[in-house]
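S.K.: Quick one: the structure is below, and I'll ask about it shortly.
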Amino acid sequence: MQTILVADDKANVRNLVREYLEAEGFHVVIAANGREALYAARHEKPDLILLDIMMPEMSGYDFIKAYRKEREMPIVLLTAKLDETDKVLGLELGADNYVTKPFGMVETNPVWGWPSQNPLSNCTAAVSMLQASLERAAA
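Each residue of the sequence shown is one higher than the last, beginning at 25 in our numbering.
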């Protein structure tokens, strides 16, 4: 069973994503801030991290800096930041891609449609379905 770490300081986002991914058969670990995320990532060794940038105690950027020294694995930023500079910074620090909140199907499709050598490709269907569920829940 694949493990996905969902790190976001907003409980409604964490819980909605967790509920959906668990229903799809994933083991989901949640974290409310960057420090919790770093602890969970070190102990749970997830297959994918969905990471908010703006979190208390440790930002998503600081998480990437710390965790990339220890392990290479897919990190996708979930961000409300719309400035291109913020997105590029996350990618330069080591994130694999990003999704801008609120989530949208057109934006997420390229994120999950990478070539098969990318570990994210195993999560393609689940994330697409998650996207649709989040859009329905937000409506």
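Using N, Cα and C, we set each Cβ at its ideal position, and we do this for glycine too.
Taking the C-alpha atoms as reference points, what is the distance between Ile28 and His51?
M.R.: 6 Å
S.K.: Whether or not the stretch 53 to 66 and the stretch 90 to 104 are in contact is what I'm after, with contact meaning three or more pairs of Cβ atoms, one per stretch, closer than 8 Å; do they touch?
M.R.: yes
S.K.: Quick check on this structure: which residue in Val53, Asn36 and Val41 has the alpha carbon closest to the alpha carbon of Met25?
M.R.: Val53
S.K.: From this set, Gly118, Glu108 and Leu40, which residue's C-alpha is nearest Gly84's C-alpha?
M.R.: Gly118
S.K.: By the 10 Å Cβ neighbour count, where 16 or more other Cβ atoms means buried, how is Lys89 classified, buried or exposed?
M.R.: exposed
S.K.: Based on the DSSP output, what are the partners of His67 in its beta bridges?
M.R.: Note: His67 sits in no beta bridge, so no partner.
S.K.: Quick one: residues in its chain with C-beta nearer than 8 Å to the C-beta of Met78, no 5 flanking neighbours on either side, listed in chain order?
M.R.: Asp33, Gly84, Thr103, Ala104 and Lys105
S.K.: Measuring only the C-alpha atoms, how far is Glu48 from Leu74?
M.R.: For Glu48 and Leu74, the distance between alpha carbons rounds to 16 Å.
S.K.: Does DSSP put Ile170 in a helix, a strand or coil?
M.R.: An answer regarding residue 170 cannot be provided, because it is not within the stretch 25 to 163 covered by the chain.
S.K.: Taking the alpha-carbon positions, what's the Pro70 to Leu113 distance?
M.R.: If I take the Cα positions, the gap works out to 23 Å.
S.K.: Closest by CA to Lys125, which one among Thr109, Leu101, Asn39 and Ala55?
M.R.: Among Thr109, Leu101, Asn39 and Ala55, the Cα nearest to that of Lys125 belongs to Leu101.
S.K.: With a threshold of 16 other CB atoms inside 10 Å of the CB of Glu108, please say whether the residue is buried or exposed.
M.R.: exposed
S.K.: Quick check: what's the CA-CA separation for Asn57 versus Leu72?
M.R.: Roughly 17 Å separates the two Cα atoms.
S.K.: State the start and end residues of the unbroken beta strand (DSSP E) segment that holds Ala55.
M.R.: His51 to Ala55
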